[in-house]
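Scroll down for the structure; my scribbles are underneath it.
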Amino acid sequence: MSLKVLFLYPNYYGMNMLPPAIALLSAVLKQDNHDIRLFDTTYYSSDFGSDSDGTKVDRLNVIPFNNAGSYIPEMHKTSWKDDIKDLVESYQPDLIAMSCTEDMWELGLAIIEKVEDYIIKRQTHVLVGGVFATFAPEIAIRHRLINSVCVGEGENAIRTLCKRIESGESYNDVTNLWVKGKDGAVSKNSMSDPVDVNAMPMMDIDIFEKQRLYRPMAGRWYKMFPVETIRGCPYKCTFCNSPSQIKIYDAKTDESYFRKRRMDLVYDELKHFKERFGVEYNYFWADTFLAITEKEFDEFCEMYSDIKTPFWMQTRAETLTDYKVRKLAEVGLHRFSVGIEHGNEAFREKILDRRWKNESIIEALKIPHRYGVQFTCNNIVGFPTETRELAMETIELNRHIQADSQNLNGFVPFHGTPLRKMAENLGLIDPDTITRCLTDDAMLDMPQFTSKEISGLIKCFVLYVKFPKNRWKDIRKAEEDTPEGKKILEELKDEYREKYMPKKTNGNSEEIPAAADLEYGVDLH
Numbered sequence: 001m002s003l004k005v006l007f008l009y010p011n012y013y014g015m016n017m018l019p020p021a022i023a024l025l026s027a028v029l030k031q032d033n034h035d036i037r038l039f040d041t042t043y044y045s046s047d048f049g050s051d052s053d054g055t056k057v058d059r060l061n062v063i064p065f066n067n068a069g070s071y072i073p074e075m076h077k078t079s080w081k082d083d084i085k086d087l088v089e090s091y092q093p094d095l096i097a098m099s100c101t102e103d104m105w106e107l108g109l110a111i112i113e114k115v116e117d118y119i120i121k122r123q124t125h126v127l128v129g130g131v132f133a134t135f136a137p138e139i140a141i142r143h144r145l146i147n148s149v150c151v152g153e154g155e156n157a158i159r160t161l162c163k164r165i166e167s168g169e170s171y172n173d174v175t176n177l178w179v180k181g182k183d184g185a186v187s188k189n190s191m192s193d194p195v196d197v198n199a200m201p202m203m204d205i206d207i208f209e210k211q212r213l214y215r216p217m218a219g220r221w222y223k224m225f226p227v228e229t230i231r232g233c234p235y236k237c238t239f240c241n242s243p244s245q246i247k248i249y250d251a252k253t254d255e256s257y258f259r260k261r262r263m264d265l266v267y268d269e270l271k272h273f274k275e276r277f278g279v280e281y282n283y284f285w286a287d288t289f290l291a292i293t294e295k296e297f298d299e300f301c302e303m304y305s306d307i308k309t310p311f312w313m314q315t316r317a318e319t320l321t322d323y324k325v326r327k328l329a330e331v332g333l334h335r336f337s338v339g340i341e342h343g344n345e346a347f348r349e350k351i352l353d354r355r356w357k358n359e360s361i362i363e364a365l366k367i368p369h370r371y372g373v374q375f376t377c378n379n380i381v382g383f384p385t386e387t388r389e390l391a392m393e394t395i396e397l398n399r400h401i402q403a404d405s406q407n408l409n410g411f412v413p414f415h416g417t418p419l420r421k422m423a424e425n426l427g428l429i430d431p432d433t434i435t436r437c438l439t440d441d442a443m444l445d446m447p448q449f450t451s452k453e454i455s456g457l458i459k460c461f462v463l464y465v466k467f468p469k470n471r472w473k474d475i476r477k478a479e480e481d482t483p484e485g486k487k488i489l490e491e492l493k494d495e496y497r498e499k500y501m502p503k504k505t506n507g508n509s510e511e512i513p514a515a516a517d518l519e520y521g522v523d524l525h
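The opening position of the sequence shown corresponds to residue 1 in my numbering, with each subsequent residue numbered one higher.
Structure representation (C-alpha cells):
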C-alpha cells in the first residue's frame, strides 16, 4: 500500500522560480512508490502578500518587461479556496505536507484551514517544513491542525514518516521532527546527519503545471530550471539564516551541513532536463555559487561547456576574479547578482559580519563588463542601530559601481538570523511576529531611523544612485508620502526611464533579476 501525499506550496504571484525543495522531496517519495500531488498558489489571486515583480518594476530595480509575442503564464480564473477543497475531496490524501518560507506562513495556514473539515474527519496528518519551520518550530507546532514540524532537512524525515504512517507504526521518534501527540505534548526529536546530496534522485518536475517552468529574463519568458550545486554557505552574514542552519547541524550531528554536489551529477541533471523538458535557461540557486575550489571551478566550466544554455548565479564580490568571470562568460554566464548589502565598512563588519573593503568591491565589479556579463547589486537598509547617514553611504558605494541594475530592500528580521535576535533584544520586534516579503514596507521602526524614513529611501534608491547630486534635493522631496512628494517621484521616474533605462530592442526589453527568491539566500530545505 502506498500513501497519497499532497504537497502544499503557498506562494504569491511574481515569485516565479519553481521550488526545488518540493521537487526533490517528491522525487524521494516516488522512489518509495508513494502517490504525489501538489497544490501551488503562485498563479492564483490572493489577499495575501504583494506582486514582487511589480514592486521591483515600480522601484526601477528591473526593466519593464514587454509581454508582446512572448509566452506568458496565465493566472487561474478559479478561486484557490474552492480548488483546494475540491482537490482534497477528490484526491483524499493520507498526508498533507506544506513547505513554506516565513513570509508565506499566513497564506499557508489559510490553505490548511480551508480543508479543516477533511483533516479532522479523516484525522489526516499535517506536516510543515521549510526554513520557517526550522527556525520557529515552537510557533509552527502551536497551530491546532499541525501534527508535526520538520526542523532541518526533510528528505529522510518525510520518507520515514510515510513508512510509519503506511505501516501503522508510531512516528513520535522520527528524527528531525517535532511531533505533537493527541494530548498536546510535543516530542522534540534529535537531528540526523545531513543528507548525502550526491545520493539524492533527480528533481521531480512532473508534479508542477507546465507553465511553472517559465520565468521572465532578458525580455522574454524562458523555460528555466533551478539547479543545486551547493547546499549551505561558508559565510556568516548575520542577516541570513544559512549560518544558523550550519550551526544547529554542526552542534548536533557528526557531519558538516555545507556540502557540494559532484559535477558529473550536476551535468546529468542539466542534460536530462534540457533534453526532456527543453530547458532554455539555468538558475543556480546556491547561496554563493563561487564558494568552490579552483579544481571544482574548472570542472564546472568543462562540464557546462557541453550544456550551452545561458545561466544565472549569485555570489559575493570577493569571489570574483578576471579568470573566473572570463571562463564563466565563455561557457554561458548571462548575468549574476552580487550582495553589497551596506556601504559603511565598519558597520558592515560589526553588524553584518562582512569584512571586504569598499575599494576591493569596486575593483572586483569592474571585471564583469570586460566580458559582456551584466550584474545586479543587492543592498539592504533598516538594520538594527542603522541611521539615515549610514544608509546614505550604501548609496555612495553603489554610485561608484557601474551595475546594470541595483536594488535596496528593507531589512527583514527572519527567524533564525542573528539580527532577528538582536532586533528582539532591542525591543524592535516581538518574538512571535511573522515577517513579510522582501519587497514589502520596512518592518523595523527605530527612534533614529523610522520605518517611514526607511521606506522613503527604498523607493528613491535608484534615483539617488543614478542622478547627479545636484538633483538630490528634489529626490529628498520625492521620499515624502505627500501629494507633492508623489508628483515629484513620478516625474523623476519618467526622467530616469528616458535617460538611464536601456531601450527596447526587437520589441522586447530586458528584465534584470534582483535577489533570488530566497530568504536572504537561505537554503530552501
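Quick reminder that beta carbons are idealized off the backbone N, C-alpha and C, glycines included.
As the structure is a computational prediction, the values presented were derived from the model and not from experiment.
Remark: three or more beta-carbon pairs, one from each stretch, lie closer than 8 Å, so the region 288-305 and the region 321-331 are flagged as touching.
In the DSSP assignment, M313 falls within the unbroken beta strand (DSSP E) covering 311-315.
In the DSSP annotation of this structure, the continuous segment of the alpha helix (DSSP H) that includes C301 starts and ends at 294-304. Nearest to H34 by C-alpha distance, out of L320, K4, N425, is K4. Contact between V149 and W178 holds: CB atoms are separated by about 4 Å, below the 8 Å threshold. DSSP places C237 in no beta strand (DSSP E); its state is neither H nor E.
The DSSP-derived three-state label of I340 is strand. For the options L333, S46, P468, the alpha carbon positioned closest to that of M75 is the one of S46.
If the five residues before and after I165 are omitted, its C-beta is found closer than 7 Å to the C-beta atoms of L3, D94, L95, H125, Y171, all from its own chain and listed in chain order. Cβ neighbours of I361 within its own chain (closer than 6 Å, five residues either side excluded): A317. 9 Å or more divides the Cβ of L320 from the Cβ of P243. The distance from the Cβ of P20 to that of E228 is about 6 Å, consistent with a contact at the 8 Å cut-off. In the three-state DSSP reduction, R399 falls in the helix class (H, G or I). Counting only unbroken stretches of 3 or more residues, the beta strand (DSSP E) elements lying wholly within the region 352-390 are 374-381, in sequence order.
Contact check between the region 342-354 and the region 383-400: three or more CB pairs, one atom from each, fall below 8 Å, which counts as touching. Here the alpha carbon of I292 sits roughly 44 Å from the alpha carbon of E113. Judged by DSSP secondary structure, V28 falls within the alpha helix (DSSP H) whose first and last residues are 20-31.
For N11, the closest of L408, Y43, S455 by C-alpha to C-alpha distance is Y43. Under DSSP, Q448 takes part in no beta bridge, so it has no partner.
Under the 8 Å Cβ criterion, the region 345-352 does not count as touching the region 306-314, having fewer than three qualifying pairs.
Distance check between G427 and each of G416, Q92, P447, R436 places P447 closest, using alpha-carbon atoms only.
At a Cβ-Cβ threshold of 9 Å, A157 and E102 do not count as neighbours.
For the options I488, K469, Y500, F467, the alpha carbon positioned closest to that of K477 is the one of I488. Just measuring C-alpha positions, the residue of T238, F284, C240 sitting nearest P226 is F284. By the Cβ-count criterion, H400 is exposed, with fewer than 16 other Cβ atoms from all chains shown falling within 10 Å of its own Cβ.
Taking each of D173, D196, N198 in turn and checking the Cα distance to V186, the smallest one comes out for D173. The Cβ atoms of K163 and E155 do not sit closer than 9 Å to each other.
Assigned with DSSP and collapsed to three states, S244 falls in helix.
Nearest neighbour of P73 by Cα position, chosen from M224, I230, D86, I111, turns out to be M224.
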